[in-house]
Amino acid sequence: MEMFQKFLLPVLFIFTYTAIVYSQDQSGFISLDCGLAKGSSYNETTTGLIYTSDADYIDTGNVKGVLPQYRTNKQQQVWNLRSFPDGIRNCYRLNLTREGKYLIRTTFMYGNYDEQNILPEFDVHLGPNLWSTVKIQNASSDVSLEIIHVLSSDYLSVCLVNTNKGTPFISALEVRPLKNTTYNTQTGSLQRFVRLDIGSTDNATFRYRYDVHDRVWWPYGFNEWEPFSTSLAVDANSSNDYQPAPRAMESAVRPINTSNSLDFYLEPDDPTSQFYVYMHFAEIEKLKANESRKFNISLNGKLWYGTLELDYLSTTTVFSPSALSGGKYTFKLQKTGNSTHPPILNAIEVYTVKEFLQAETEEQDVDAITNIKSYYQLKRNWEGDPCAPRDYLWEGLNCSYENDELPRITSLNLSSSGLSGEISAFIMNLTLLETLDLSNNNLTGWVPEFLTQLSSLKFLNLEGNKLSGSVPVGLVEKRDNNTLTLRVGKNPELCQSVSCQKRKKKYVVPVAVSAAAVLVVLTALISLWCLKRRKQPGRKVDVNPNRSYESLELNSRQFTYSEVLRITNNFERVLGKGGFGTVYHGYIDNTEVAVKMLSPSSAQGYNQFQAEVKLLLRVHHRNLTTLVGFCDEGTNIALVYEYMAKGNLEEHLSDSSKNILNWEERLRIAVEAAQGLEYLHHGCKPPIIHRDVKSTNILLNEKFQAKLADFGLSRIFPVEGISHVSTTIAGTPGYLDPEYYISNRLTEKSDVYSFGVVLLEIITGQPVISKSVENDNTHVSQWVSFMLAKGDIRNTVDPRLKGDFDINSVWKAAEIAMACVSPTSTRRPTMNQVVMELNECLGTETARKKESANTFDSKDYIEMTTLNLHTELSPLAR
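The opening position of the sequence shown corresponds to residue 1 in full-length UniProt numbering, with each subsequent residue numbered one higher.
Structure (structure tokens):
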């Protein structure tokens, strides 16, 4: 038996490779050779990875190279480095995807670059939090840190911190995107403890291209284990989300004595450490019909998972959804009584939980101060988080740290900083600013009015600049009321009194009169033009003078009420009723349409009618309903849509539906609805939040193509790039994002939650909220969570499907849905990720249908037994 602590030794091995046999796409990879000349790049020969210079990601540091004798047998990305002799903290900033999950790796190769032969020690921070301490113990060996981390913002900061034990440096910085359905934790990030290719046939360390995610695998064996391998490909069409390297899965170990168990244990130095363990299995031996390999996995003498039976040349991953804690962990893989073959193990990954407890500065403040730095081209070492940790507060800033609130910038001092140009409008986004000092610079232009809107501002110093015009009245009044200390002296062309405003008003009158005269002329011309258009036959006109639509496209699609009567044949056929009003069937020429009439008592009202008209005329996508036209005439208000012959999704999921959608049809509908939502979030500039995603708002045409409908509650983000807007709660119970409900902060993740609920409906056929035996309301996500915790995926799926589906496709869809309905928005995927994952589900199911239209392989399913619930261990197998 061996301790996992010893598994760390292979980090000193030299990477060796045989012929490259796998090839993958590097899209999403960031591979920085730190110290490479700006604008340079190369293809690393042993891995095929494309490395680029780090110069565009950091403003500080000195470029160096390791001594030639240390380059032998080393990959090219460690030949150069960037050192940081100046400043306590120096940071890289990489723009990534908010809530994206990434494997982040830093590499440090000293190579006596400074010819001092003094081995340094320094800290590495991820954002404002300590990641690890780097201790260089050998000039010829590289040290690597690796962590799996979910971003809480749309950028990543990796900082090197001088702890007075030598100059910090870095050789390579690499970032790899991971699937959101993998490596999930209850809290914290995952720092690599060990990743092992068990039973390696060549004792070589490998990474990309053998591993699609560029994870590094170290070889491992034990003298009581027998290694064996296959020359056949494992996971040729993998549906395992973890995608362990096929090279690692093509070898395995078994106990030499086939009656023995396969044992290993984990004993960390720190008994308080928490771990996540991922065991990867694949049957690589072709068993005969009367042979079997079945085994259980126990942890510290208690059954942890079982019974496990593997598929031939296909990977199964067993892991626990909650962290292991409590000291030493002994794992035992023991064959069952009816098994003819002993247990095996192909590969294993172990991660320690890394808690990052220091909150990052409020993102609005970070964006504002970063934009200010860029606007004035400041050369200060403003890197990393502005306010956190407090020991590394940016020069010239003070921040507030209120209990559980995010740090906020309260003071900005840029006095004597060589600023030129106008006072930046980005300052207005520092909404809690109490002190602002811009004195003794070369600022020009007027004192901006937005400074009066900074409600917390108590001290403003603009002395010694070249400002002109007058000081805004609001600032003067605050000064006179003793709520603001205002200093504006030594600006020769700046008037400081209210009288300046009065003099300025004298010049406003003639300008206003002139503007009014122009307006009268323009109004007359527009009226004449409108009268001329009304005389033209066949034109639709708005008979209500109080309502006007400026867009010619709007006018071209406007119907009169008499035309609506003709289209619907006097409202002959009712299609349905809702909160907005009644929907009628109609024809325009020979084209079928649906006409939605606003009821006078509608709670949604005229504002939502206008919002939907303007939005649908602005956006165009195959998975959004098309607005044919509208009527806005007195109290007669209508929306005219394309006709969706198959109704809405909820009707087809209900028990009363005669048409039962198969799994492939359900996935296709889910993908199409997700694509419509993805377009609103990422294809529209600025983005649009739907706010009422539900199964009744997903409509189906005669070909069962899905289209998202009902945009009356939709909100356009007023400024592209902002993280949220505060708004009145709107939506449908059961589909409403709980975080949005509590905070009033609307983000695109609110739609993601609602879509997750729809996806659970698609999978289960269950109503969103149902009555349990105890007469309590049960949300579908609670029920699914309970079923998945038991590993009972079959009874989670709509029974009307009668088992006709690919089990991996269903598992994946369920995991996507549960990720979407996470109570915390930062843990939900983006719609880009959802579309990508659902397409993979659909591809898996489509391939199965093509291969065998009505067959079901029971081996695709591995029943999971959850025992010892008091340990909170619920291993999952995929």
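For each residue, glycine too, the CB sits at the ideal point set by N, CA and C.
Suppose contacts are defined by Cβ-Cβ distances below 9 Å. Is residue i in contact with residue j by that definition?
i	j	result
Tyr92	Leu173	yes
Phe275	Ala323	yes
Leu430	Ala359	no
Leu313	Val234	yes
Asn659	Asp804	no
Arg254	Pro343	yes
Leu598	Ala638	yes
Asn442	Gly418	yes
Phe84	Asn162	yes
Leu457	Lys478	yes
Tyr351	Phe193	yes
Tyr753	Val821	yes
His682	Tyr643	no
Gly327	Pro271	yes
Leu653	Glu761	yes
Ala245	Val277	no
Arg828	Ala819	yes
Val619	Ser695	no
residue 908	Glu845	It is not possible to answer for residue 908, since the shown part of the chain is limited to 1 through 878.
Asn482	Leu467	no
Provide the residue span of the alpha helix (DSSP H) that contains residue i, from first to last.
i	result
Val234	Careful: Val234 lies outside any alpha helix (DSSP H) and carries neither H nor E.
Thr756	Note that residue 756 is Gly in the sequence shown here, rather than Thr. Run containing Gly756: 748-764, per the alpha helix (DSSP H) assignment.
Lys179	Here Lys179 belongs to no alpha helix (DSSP H), and DSSP marks it neither H nor E.
Tyr741	738-743
Gln675	663-678
Cys841	831-851
Asp480	473-480
Our contact map puts residue i next to residue j with C-beta atoms below 8 Å; I'd like the distance itself, whole angstroms only.
i	j	result
Asn62	Arg82	7 Å
Asp692	Thr747	That pair is no contact at about 15 Å.
Asn371	Phe450	Actually they are not in contact, since the Cβ atoms of Asn371 and Phe450 sit about 14 Å apart, beyond 8 Å.
Ile88	Tyr392	6 Å
Ser420	Thr435	Not really, about 22 Å apart at Cβ, beyond 8 Å.
Asn808	Ser239	4 Å
Ala674	Leu838	6 Å
Ser415	Asn440	5 Å
Ser339	Arg390	Going by Cβ atoms, the distance from Ser339 to Arg390 rounds to 59 Å, so no, they are not a contact pair.
Phe122	Leu160	6 Å
Met787	Thr796	4 Å
I need the boundaries of the beta strand (DSSP E) containing residue i, first residue and last residue.
i	result
Gln334	329-335
residue 885	The structure shown does not extend to residue 885, since the chain is modelled only from 1 to 878, so the question has no answer here.
Ile588	581-588
Gly445	442-446
Pro321	Here Pro321 belongs to no beta strand (DSSP E), and DSSP marks it neither H nor E.
Cys34	Careful: Cys34 lies outside any beta strand (DSSP E) and carries neither H nor E.
Met597	591-598
Ser562	Not the beta strand (DSSP E): Ser562 falls in the alpha helix (DSSP H), residues 561-568.
Arg487	485-487
Arg691	Counting along the chain, Arg691 falls outside any beta strand (DSSP E), and DSSP gives it neither H nor E.
Glu633	627-633
Leu649	Element bounds for Leu649: not the beta strand (DSSP E) but the alpha helix (DSSP H), 649-653.
Tyr641	636-642
Asp263	262-266
Say the cut is 8 Å; is the CB of residue i nearer than that to a heavy atom of the ligand ADP?
i	result
Phe206	No copy of the ligand ADP occurs in the structure displayed, which carries no ligand at all.
- At what residue ranges does the segment 96-139 contain a whole run of the alpha helix (DSSP H), taking only runs of 4 or more? Entirely contained in the segment 96-139, not one alpha helix (DSSP H) run reaches 4 residues.
- Message: Does the segment 275-285 come into contact with the segment 244-264, if we say contact requires no fewer than three beta-carbon pairs (one atom in each stretch) closer than 8 Å?
- Response: Pairwise C-beta distances place the segment 275-285 in contact with the segment 244-264, as three or more of them are shorter than 8 Å.
- Message: What ranges does the beta strand (DSSP E) occupy inside the segment 278-319, keeping only unbroken runs of at least 3 residues that lie completely in it?
- Response: Taking only runs of at least 3 residues, the beta strand (DSSP E) segments lying wholly in the segment 278-319 are 294-299, 302-309, 315-319.
- Message: What ranges does the alpha helix (DSSP H) occupy inside the segment 356-417, keeping only unbroken runs of at least 4 residues that lie completely in it?
- Response: As far as the segment 356-417 is concerned, its whole alpha helix (DSSP H) runs of at least 4 residues are 363-376.
- Would you check if the segment 743-758 and the segment 788-808 touch, i.e. whether three or more CB-CB distances between them fall below 8 Å? Taking 8 Å as the limit for Cβ pairs, the verdict is that the segment 743-758 does not touch the segment 788-808.
- Query: Going along the chain, which unbroken runs of the alpha helix (DSSP H) with 4 or more residues stay wholly within the segment 770-825?
  - Reply: The alpha helix (DSSP H) runs of length 4 or more contained entirely in the segment 770-825 are, from start to end of the chain, 780-789, 807-820.
- Ordered list of alpha helix (DSSP H) runs contained in the segment 205-250, each at least 4 residues: Qualifying alpha helix (DSSP H) stretches, in chain order: 246-249.
- Kindly confirm or deny that the segment 618-633 and the segment 557-568 touch, where touching means at least three C-beta pairs closer than 8 Å. As far as the Cβ criterion goes, the segment 618-633 touches the segment 557-568, which means the pair count is three or higher.
- Message: Taking 8 Å as the cut-off, does the segment 185-203 touch the segment 36-44 (at least 3 CB pairs, one atom from each stretch)?
- Response: Judged by Cβ distances under 8 Å, the segment 36-44 makes no contact with the segment 185-203, as fewer than three pairs qualify.
- Query: Taking three-plus beta-carbon pairs below 8 Å as touching, is the segment 481-496 in contact with the segment 458-468?
  - Reply: Result yes; three or more Cβ-Cβ pairs closer than 8 Å.
- Item | Three or more C-beta pairs below 8 Å linking the segment 135-144 and the segment 176-183 | Not touching, per the Cβ criterion.
- Message: Within 8 Å, do at least three Cβ pairs link the segment 46-65 to the segment 219-236?
- Response: Short answer: they don't touch.
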